Every structure is written in C-alpha cells, then in structure tokens.
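Engineer: Below is one structure. I have some questions about it.
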Amino acid sequence: MSDTADMRADDAPLSTSKHAGAAIDRATAELVEAKGDSLVGRTVTINRPRAELFAYWRDFTNLPTFMDNIVSVIVKDAATSHWVVKAPGGKTVEWDAVITEEKDGETIAWASTEGADVPNSGRIDFRDAGARGTIVTATIVYDPPAGLVGKLIAKMFQREPAIQARRDLRRFKQLMETGEIATASRTRAQLEEEKD
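Residue numbering for the sequence shown follows this note's numbering, beginning at 8 and increasing consecutively.
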C-alpha cells in the first residue's frame, strides 16, 4: 500500500498521524499559504454554540485572555494583525499575520508575513457537535526559532506550541463554559517559598 493510500486510511488527527511527512504535507495543503515544517494539532469540544465561539476567537484582541504566551494582538485592519508572544528566557517574538481564509462561523486561517520571528500558518475550525456544543480544532504549522535546538529549549521552558496549544484550548473551554479560567490556589513560587 502506498503512503498516500495509508494517509487516506489513517483518520487520526494530522498531528498524531504515523506518517509525519505526509501529515505535514496534508496539513499544509489545507492551508492557503503554508509556512513552517513543525505540525501541531489539537481539538476540544466546548459546550457553547459555534457562532459564539467563532465570534469570540475572531476578535483577536480576546486571544490574550486565554492564550498564556500571547502578550498582545493588535488588529491593524480587517485582515492583518500584529502578534507579540513570549519566548523562552523572558524574551518575546513578533510577527504580522494575515487572514488567508475565513468562513463565518466555521474557519479562520492565517499565515505570518515575511520577516516573522517565527514563520507560522494555521487554521481554527469550528464544527457542530450536536447537544455537546462545538468541536474546535487548531492546526498550526511553524518553524521554531533556532530550529531543532530552539524547539528543545522551548519545550524545557513550556513555551513549545504543542504544549501551549493543548493548554490554551483547555483555557478557552473553561472561559467559554464557565466565564473564568481555573487557576491553582497557590503559585509555584509560593509553593517553593513554603519549602524553604
């Protein structure tokens, strides 16, 4: 059986496919302008109407409310926004992103512009889940700064997009279903102080 036939039979999310190269090819084929060679994909079901979730996400200035690493998103016009994101070592990375596809209530796809600190592209899809609400799927393709070494450092500092995507979607679910994001009663720093 060929890799292409295997990919058609493999209905796993793209990011968990056994055929990493083919999964990236398939993911980038779904993007209008694919930028990057590392694939992240996460899905969550949120018990809220699709239109409500889409509208909240589409106002990009809302994203820092649940995306922990985003410092700010400044909307420049209907299609362009400027992103400032935390990076390992207390640094930040920045880029402009342009919407490459939008279907009201269903899909938002984007690609970073030339000169981005982290070239990236992706899409957010919203699908009805019946009485359970909405299935939200984030697919992101990116080039980590400093290549593989940068990816390993980002993982150590919990700034790696695969880790963040899972956490951000979980926080988005909490915020949309309950109106708040659950936090630990004590911070890690407080726990460390208590040990001393």
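The beta-carbon is built from N, C-alpha and C at its ideal position, and this holds for glycine as well. Bear in mind that the values here come from a model prediction, so they are computed numbers and not experimental data.
What are the boundary residues of the beta strand (DSSP E) that residue 130 is part of?
Structural biologist: 127-135 is the span of the beta strand (DSSP E), which, as asked, contains residue 130.
Engineer: Where does residue 101 sit, in a helix, a strand or coil, going by DSSP?
Structural biologist: strand
Engineer: Do the CB positions of residue 183 and residue 70 come within less than 8 angstroms of each other?
Structural biologist: no
Engineer: On a CA-only basis, which of 49, 116, 78 and 136 is nearest residue 87? Give me that one, please.
Structural biologist: With distances taken between Cα atoms, residue 87 lies closest to 116.
Engineer: Answer with buried or exposed for residue 189, where buried requires no fewer than 16 other C-beta atoms within 10 angstroms of its C-beta.
Structural biologist: exposed
Engineer: Is it right to say residue 187 is buried, meaning 16 or more other beta carbons lie within 10 angstroms of its own, or is it exposed?
Structural biologist: exposed
Engineer: So residue 171 and residue 76 are supposed to be a Cβ contact under 8 angstroms. How far apart are they, rounded?
Structural biologist: 5 angstroms
Engineer: Along the alpha helix (DSSP H) that carries residue 62, what are the first and last residues, could you check?
Structural biologist: Residue 62: member of the alpha helix (DSSP H) spanning 57-65, first to last residue.
Engineer: Determine the DSSP secondary structure at residue 156, reduced to helix, strand or coil.
Structural biologist: Residue placement at residue 156 is poorly supported in this model, since its pLDDT is 43, which falls under 50; the coordinates are not used for a value here.
Engineer: Anyone know if the C-beta pair for residue 100 and residue 120 falls short of 8 angstroms?
Structural biologist: no
Engineer: For a test of the three-state rule: what should DSSP assign to residue 184, helix, strand or coil?
Structural biologist: Annotated three-state conformation of residue 184 is helix, per DSSP.
Engineer: In whole angstroms, give me the CA-to-CA distance for residue 82 and residue 143.
Structural biologist: 22 angstroms
Engineer: Between the C-alpha atoms of residue 110 and residue 72, what's the straight-line distance to the nearest angstrom?
Structural biologist: 23 angstroms
Engineer: Compare the Cα-Cα distances from residue 68 to each of 51, 55 and 90 and report the closest residue.
Structural biologist: 90
Engineer: If we ignore side chains and look at the alpha-carbon of each, how far apart do residue 164 and residue 138 end up?
Structural biologist: For residue 164, the predicted structure reports a pLDDT of 45, less than 50, and the residue's modelled location is therefore unreliable. The matter cannot be settled from this model.
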